[in-house]
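Counting the sequence shown from 1 gives a position; this note's numbering is that position plus 17.
Backbone N, C-alpha and C define an ideal beta-carbon position, used for all residues, glycine too.
Here the structure is a predicted model, which is why all the values come from computation and not from measurement.
Before any comments, here is the structure.
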Amino acid sequence: MVRVKANELRSKTSKELLKELDEQKAELATLRVAKVSGGAASKLAKIKVVRKSIARILTVYNQKQKAEARKACKGKKYVPLDLRPKRTRAIRRALKVEQKFMKTPRQKTKASNFPMRRFAVTM
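Here it is, written out as structure tokens:
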């Protein structure tokens, strides 16, 4: 089989992808048998191509699954952990911007009772 292109795989449905994955895995199994039994050099070189094709199919399949999951969770209050943005652990635990700039009731009253002074003379 020739090299599969990810672009072509994206147009296929999930069932077609799984069917193609089974075909590729079967072909890989036959190539490995040929390798053990001392097959031709062309078959040995083909193993790498088939392995990469399997990886491409799995990648596209997983991308489709994740996109469907994102679509299903859109607009909901809670999003599954694997669909949330990764960032770093410190950033995930940091306060949100609105939380960071919140003021206590005491700070609010002090700010309203003693506003910043305005001076007529400027430098």
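Distance, residue j Cα to residue i Cα
| i | j | result |
| --- | --- | --- |
| residue 43 | residue 30 | 20 Å |
| residue 70 | residue 92 | 35 Å |
| residue 81 | residue 103 | 19 Å |
| residue 55 | residue 28 | 38 Å |
| residue 73 | residue 60 | 20 Å |
| residue 33 | residue 23 | 14 Å |
| residue 57 | residue 65 | 14 Å |
| residue 121 | residue 127 | 10 Å |
| residue 62 | residue 50 | 14 Å |
| residue 132 | residue 138 | 18 Å |
| residue 111 | residue 105 | 10 Å |
Assigned exposure category for residue i - 16 Cβ within 10 Å defines buried
| i | result |
| --- | --- |
| residue 124 | exposed |
| residue 116 | exposed |
| residue 21 | buried |
| residue 85 | exposed |
Whole-number beta carbon distance between residue j and residue i, since they are thought to touch under 8 Å
| i | j | result |
| --- | --- | --- |
| residue 67 | residue 98 | The pair is not a contact, with the Cβ atoms about 34 Å apart (cut-off 8 Å). |
| residue 77 | residue 26 | 4 Å |
Below-9 Å beta-carbon distance, residue i vs any chain C residue
| i | result |
| --- | --- |
| residue 107 | Structure shown: chain C not included; a single protein chain is present. |
CB contact flag (residue i, residue j, <9 Å)
| i | j | result |
| --- | --- | --- |
| residue 87 | residue 75 | no |
heavy atom of the ligand PLP below 8 Å from residue i C-beta
| i | result |
| --- | --- |
| residue 77 | The model depicted lacks the ligand PLP and carries no ligand whatsoever. |
Q: Can you check the segment 27 to 89 for any alpha helix (DSSP H) of at least 4 residues that lies completely inside it and give the ranges in chain order?
A: With a minimum length of 4 residues, the continuous alpha helix (DSSP H) runs that stay inside the segment 27 to 89 are 31 to 53.
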